[in-house]
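Counting from 3, one number per residue, gives the positions in the sequence shown under my numbering.
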Amino acid sequence: MSNSSFASRWAWADIDLGAVRNNVTALVAANSSQQLWAVVKANAYGHGAVEVANAALQAGASGLCVALADEALALRAAGITAPVLVMSEQPASQYTAMIEHDVIATLYNETSIKQYSKAANDAKHKALVHLKIDTGMHRVGVGVDGALTAATMITSQPSLQLDGVYTHLATADDAAHLGAALQLRRFAEVVEQLREAGIAPRHIHVANSAAAVRRLGSELHTTMVRAGIALYGIASDASSDS
Numbered sequence: 003m004s005n006s007s008f009a010s011r012w013a014w015a016d017i018d019l020g021a022v023r024n025n026v027t028a029l030v031a032a033n034s035s036q037q038l039w040a041v042v043k044a045n046a047y048g049h050g051a052v053e054v055a056n057a058a059l060q061a062g063a064s065g066l067c068v069a070l071a072d073e074a075l076a077l078r079a080a081g082i083t084a085p086v087l088v089m090s091e092q093p094a095s096q097y098t099a100m101i102e103h104d105v106i107a108t109l110y111n112e113t114s115i116k117q118y119s120k121a122a123n124d125a126k127h128k129a130l131v132h133l134k135i136d137t138g139m140h141r142v143g144v145g146v147d148g149a150l151t152a153a154t155m156i157t158s159q160p161s162l163q164l165d166g167v168y169t170h171l172a173t174a175d176d177a178a179h180l181g182a183a184l185q186l187r188r189f190a191e192v193v194e195q196l197r198e199a200g201i202a203p204r205h206i207h208v209a210n211s212a213a214a215v216r217r218l219g220s221e222l223h224t225t226m227v228r229a230g231i232a233l234y235g236i237a238s239d240a241s242s243d244s
């Protein structure tokens, strides 16, 4: 930010990237059997997406997650080459740019799968995609009953590679874990259906920050956690079930 901008704004935030790196190091150590992907959507929750992304990668993060294609492309424009997952479907107008910049798409809609496959074929790319399953968040994703059909559709497209399957736990920060337990059971059933059908994506993931701290979902042999708000610190009782 320029000095002239500071002159007209009397409040700002000083971001301690060393603290971010320390938090990432701790999260990586706590989830040592899995990769940690840093969620830097919404300008890294207002902390500076490029700066936080670089700090997280320096501290051991294996990849990055964002909400929008534009956020992913901005990271690429800043020279960041690490894997970047966009966690919701995007407008078809963004598909070619995402594919050409090796951005990982989230897909769950039949029309989007077909359109993304065509865009990848036209670009002569084998595009990586993740399938999002709605197990109870009721935000985005294919329902449990349609998961196998969607996964089969993706794997049948020569220009697409199903790199991951995931869900989002709506109440992972609830110490009772009742809602999360139900979602995990539903997701486990989907993963088993996929395996029985011979579909075995490289990544299986469920954990957001709260789930990563509480180590929820590890029994599913998940391969990565998505840490967002925990990059910037957690409440002192966040890891306690009391």
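Where a beta carbon is used, it is the ideal one built from N, C-alpha and C, also for glycine.
- Residues S161 of the same chain have their beta carbon placed closer than 7 Å to that of N123, with the five preceding and five following residues left out of the count.
- Beyond the five residues adjoining it in sequence on each side, Q195 comes within less than 6 Å, by CB distance, of L150 in the same chain, given in chain order.
- Residues I17 of the same chain have their beta carbon placed closer than 8 Å to that of G50, with the five preceding and five following residues left out of the count.
- For A121, no beta strand (DSSP E) encloses it; the enclosing alpha helix (DSSP H) starts and ends at 112-124.
- Under the three-state reduction of DSSP, G65 is assigned to strand.
- For A229, there is no enclosing alpha helix (DSSP H); the enclosing beta strand (DSSP E) has its first and last residue at 226-229.
- If the five residues before and after V193 are omitted, its C-beta is found closer than 8 Å to the C-beta atoms of V167, I206, L222, all from its own chain and listed in chain order.
- Rounded to the nearest whole angstrom, the CA to CA distance from V52 to M100 is 18 Å.
- Boundaries of the alpha helix (DSSP H) harbouring Y97: 97-102, taken from the DSSP string.
- Of the residues L29, A44, A129, the one whose Cα lies closest to the Cα of Q37 is L29.
- Excluding its 5 nearest sequence neighbours in each direction, T225 has C-beta neighbours in its own chain below 6 Å: Q36, H205, I206, listed in chain order.
- Separation of K43 and R197 (C-alpha to C-alpha, rounded to the nearest whole angstrom) is 31 Å.
- With respect to the 8 Å criterion, A79 and G65 are not classified as neighbours on the basis of their beta carbons.
- By the neighbour-count criterion, in which a residue is buried when 16 or more other Cβ atoms sit within 10 angstroms of its Cβ, Q159 is buried.
- Going by beta carbons, L233 and N33 fall outside the 8 Å limit.
- DSSP places V86 in the strand class (E or B) of the three-state scheme.
- Cβ neighbours of E73 within its own chain (closer than 7 Å, five residues either side excluded): K43, A51.
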